[in-house]
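Residue numbers (the UniProt record's numbering): 1 to 259. Glycine included, C-beta positions come from ideal geometry on N, C-alpha and C. Keep in mind the model is a prediction, meaning the values are calculated, not measured.
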Amino acid sequence: MTSPTPRIRSAIATGVAVAATGIVLATTRFRRDLEQQKVILNETLPVHSAWWRDNAKRPGELLYVAIGDSAAQGIGASSPNKSYVGVLADHVRLATGRTVRVVNLSVSGATVALAVRDQLPRFDNLKPDLITVAIGANDIAQWNPAAFETGIRSVFDALPPHALVADLPCFHLPHNEIKVAVANEIIRRIAAEHKLTVVPLHATTKRAGLRSILTHVAKDLFHPNDRGYRSWAEAFLPSMSADIAQRFSAVSHTSTEAD
Numbered sequence: 001m002t003s004p005t006p007r008i009r010s011a012i013a014t015g016v017a018v019a020a021t022g023i024v025l026a027t028t029r030f031r032r033d034l035e036q037q038k039v040i041l042n043e044t045l046p047v048h049s050a051w052w053r054d055n056a057k058r059p060g061e062l063l064y065v066a067i068g069d070s071a072a073q074g075i076g077a078s079s080p081n082k083s084y085v086g087v088l089a090d091h092v093r094l095a096t097g098r099t100v101r102v103v104n105l106s107v108s109g110a111t112v113a114l115a116v117r118d119q120l121p122r123f124d125n126l127k128p129d130l131i132t133v134a135i136g137a138n139d140i141a142q143w144n145p146a147a148f149e150t151g152i153r154s155v156f157d158a159l160p161p162h163a164l165v166a167d168l169p170c171f172h173l174p175h176n177e178i179k180v181a182v183a184n185e186i187i188r189r190i191a192a193e194h195k196l197t198v199v200p201l202h203a204t205t206k207r208a209g210l211r212s213i214l215t216h217v218a219k220d221l222f223h224p225n226d227r228g229y230r231s232w233a234e235a236f237l238p239s240m241s242a243d244i245a246q247r248f249s250a251v252s253h254t255s256t257e258a259d
């Protein structure tokens, strides 16, 4: 086999250089677009927070309280009420035939420690009929198992028995999933001590697979989109539906007998 001529070698080298340049440009463009999407979503933080504060002023026969982070706020959704909290609130209204007041205590960027500091003092003044807790995903970035366990124990200590607590969602990336496995063991163990129901958020989000990055995630490639939040709500729905049927149908039946 003859060696390539200098002209062919030059053409090959040029082709490789062009391809490499294209990859660099595409990667740079992707990173720039991703950063832009993060900026856009960051601008929605005060908008969503204000929406939930205004929504909390609306009266309701049942009180639903959510403790959490940006996922409870609905960052990445087309509107705040498309978060899993909004989807669950709509389900409660339909399932019970009652009006529902939603107090969303969540704060975007909250860790477990920040939830203890900022959300639990506000929670102490409420007497919710329904409670969901999904907190801890932001702890994975600066992972400290001991601090996480201390914080989770403080959160769970403040909850009544009917609270629904979620384990952490699936991150799909192996180096994060190792940490998530430890975090979820802590959540399940402490929840068992408090006899709290753990909803399978990790299993639900894992079932969607890696393709969910394209179908269930917002353009910042971190927060869920509308479809992703419906998946989060699906993790809660079986336990929430059972809780509603057990507690609120019984209340309705007792009231009817008393009349």
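Proximity of residue i and residue j at Cβ, strictly below 8 Å
{"i": "I135", "j": "A115", "result": "yes"}
{"i": "I140", "j": "V180", "result": "yes"}
{"i": "A66", "j": "V47", "result": "no"}
{"i": "A235", "j": "G76", "result": "no"}
{"i": "H202", "j": "A208", "result": "no"}
{"i": "A89", "j": "Y64", "result": "yes"}
{"i": "I186", "j": "V165", "result": "no"}
{"i": "Q142", "j": "S108", "result": "no"}
{"i": "R247", "j": "I190", "result": "no"}
{"i": "L130", "j": "L214", "result": "no"}
DSSP-derived helix/strand/coil call for residue i
{"i": "A183", "result": "helix"}
{"i": "G68", "result": "strand"}
{"i": "A147", "result": "helix"}
{"i": "A158", "result": "coil"}
{"i": "L126", "result": "coil"}
{"i": "A134", "result": "strand"}
{"i": "L62", "result": "strand"}
{"i": "L88", "result": "helix"}
{"i": "L164", "result": "strand"}
{"i": "P174", "result": "helix"}
{"i": "S49", "result": "helix"}
{"i": "A245", "result": "helix"}
{"i": "P169", "result": "coil"}
{"i": "Q142", "result": "coil"}
{"i": "I152", "result": "helix"}
{"i": "K82", "result": "helix"}
Residue i versus residue j: straight-line alpha-carbon distance, rounded
{"i": "S70", "j": "L196", "result": "23 Å"}
{"i": "H91", "j": "D167", "result": "21 Å"}
{"i": "W232", "j": "T99", "result": "22 Å"}
{"i": "A147", "j": "T132", "result": "22 Å"}
{"i": "L120", "j": "P160", "result": "13 Å"}
{"i": "N138", "j": "R227", "result": "21 Å"}
{"i": "F123", "j": "S106", "result": "11 Å"}
{"i": "L221", "j": "N81", "result": "20 Å"}
{"i": "T5", "j": "H172", "result": "48 Å"}
{"i": "E177", "j": "A183", "result": "10 Å"}
{"i": "N144", "j": "G97", "result": "43 Å"}
{"i": "H223", "j": "S83", "result": "11 Å"}
{"i": "P169", "j": "N225", "result": "14 Å"}
{"i": "T204", "j": "A242", "result": "18 Å"}
{"i": "N125", "j": "V87", "result": "25 Å"}
{"i": "F156", "j": "S78", "result": "31 Å"}
{"i": "T44", "j": "H175", "result": "29 Å"}
{"i": "P200", "j": "S49", "result": "26 Å"}
{"i": "N42", "j": "W52", "result": "16 Å"}
{"i": "A110", "j": "T150", "result": "15 Å"}
{"i": "residue 314", "j": "I244", "result": "No answer is possible for residue 314: the residues shown for the chain start at 1 and end at 259."}
{"i": "G60", "j": "L237", "result": "20 Å"}
{"i": "S239", "j": "R230", "result": "15 Å"}
{"i": "V198", "j": "A158", "result": "16 Å"}
{"i": "R117", "j": "G68", "result": "12 Å"}
Report the residue ranges of all alpha helix (DSSP H) runs contained in full by the stretch 188-243; include only those spanning at least 4 residues, in chain order. 201-207 and 212-215
What runs of the alpha helix (DSSP H), each 4 residues or longer, lie entirely inside the stretch 96-122? none
Using 8 Å as the Cβ pair cut-off and three pairs as the minimum, do the stretch 101-110 and the stretch 53-60 touch? yes
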